[in-house]
Each structure stands twice: as C-alpha cells, then as structure tokens.
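Mapping of the sequence shown onto this note's numbering: position 135 corresponds to residue 124, and the numbering continues sequentially without gaps. Glycine residues also receive a C-beta, built at the ideal position from the N, C-alpha and C atoms. Shown next, in structure tokens, is the structure this report addresses.
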Amino acid sequence: MLAMATAWADEPDQSRHHQADAGVQERPCTSVSGDASASDRFDGVQVETSDIALFEQFFGSVLKAPLVQHADHPPADRLRGYCYRGVLVVVRQDLRTARPTGWVQLNFSVPDVAAVREEIERVYQTSPVAKLAEAEQSKIVRFRLKPNVMRSGRQVTRLEVSGPEGFMIGFDQSLPSSSEGSSQSNQGRTR
C-alpha cells in the first residue's frame, strides 16, 4: 500500500507559515527501545481530529506525554506532537474541514500490564479530566482490561486505553503457555 499526500493550490505551504509556540521547542522523539541506530526504524504516526482539545487532554493530562511539537497554521490547521513510549504521535486538526479520527490503534508489548494500568490510572485520578462529568470524561479516556485474549497468535492480558474519536493505545502482556498454567483473573473493567 502506498500513502500519498495531496496539497491543494489554495492551501498555504505549511513550512512557510509555521508558527510554533515559543514555549515549546520542537525536538525529536527518541526511541526507548535502544535501537536508535537503525536507519529505517518506525518514526511516528499522524492522526486527524475534529477536536484537538480532546487529544491535548488525553496526551497531556492523562498520559503525561511530552509535547514535542506545537504549531498553528491559521487558517489551515493546528498540530500537536507528543512523544509517547518512543513513538511520535502528531495530532492534526484541519480548521477548514473537520475530520474525526476514525479507528487508530497503537499497540505496545509490556512486561507488566498491571503496573502500566496502575501508573496511568494514578495520573488520571489526579488530572483535571477526572474532575469532569462522566459523559465528558468518556469523550477523552476510557479503560478496559481484557484478560486471556489472543493477540498475534499468543495469549495475553490486554489493557486498552481508549482516547478521543476512536483512538486507542493497547498494552499486551504475554501470558505463560497453558502448559505452565495461568492464574489470571477473568474480570474486565470499563470506565
């Protein structure tokens, strides 16, 4: 599959009209995997949104992801780049034509799903998002634990952290093979 960008003649050249926030220096998002020397490693992902403020709350308040890019291109778009677990996630809101995100998943293999869940929920509980009405909270973040599910041919415990407009981050912890026995709880939780 080949992805191509299309620029319309009436759209301003974003490189010329880049107005970065003086308080946020653009900086690279470095991998935590230790494989930074690989020349062809995955660099990042960009998603479209109809409401960038929801993503600002999701990445900034709930995940505490560093903001590494902040640019406004009036009247074309707004961009926010976050470095989350070594992956650059750029969120773009087109100011002319609102485009909801759709379905986007970022998946990580982790050694301890319970520790990831505990850390994210601890930060969430102290964030401004936790003080919102439940209907407003659910537009920004939802949690779901799925024990004993199959992912990529292996059995895992999966934590899903759902964000705005169909965006989700999944965390998978491999389970011991059935011959080793597994005492995983069979309870899921949704917020």
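Counted within 10 angstroms of its Cβ, other Cβ atoms place residue i as buried (16 or more) or exposed
i: Ala54; result: buried
i: Ala60; result: buried
i: Thr146; result: buried
i: Arg143; result: exposed
i: Ala25; result: Bear in mind that the predicted position of Ala25 carries a pLDDT of just 48, short of 50, making it unreliable; the figure below should be weighed with that in mind. Answer is exposed; the Cβ neighbour count stays below 16.
i: Val102; result: buried
Backbone secondary structure at residue i - three-state DSSP
i: Leu164; result: coil
i: Arg131; result: strand
i: Ser98; result: strand
Whether residue i touches residue j by CB criterion (8 Å)
i: Phe44; j: Arg69; result: yes
i: Gly49; j: Leu77; result: no
i: His116; j: Val57; result: Before going further, note that residue 116 is Ser rather than His in the sequence given. Not closer than 8 Å, so no.
i: Val118; j: Ile109; result: no
i: Val105; j: Phe160; result: yes
i: Ser151; j: Met157; result: yes
Paired residues, beta bridge with residue i - DSSP
i: Val93; result: Phe156
i: Leu56; result: Tyr71
i: Gly33; result: Leu77
Candidates the options: closest to residue i by CA position
i: Ser39; options: Arg30, Phe31, Cys18, Ala65; result: Ala65
i: Pro89; options: Ile41, Pro165, Cys18; result: Ile41
i: Tyr113; options: Gln46, Pro63, Ser163; result: Gln46
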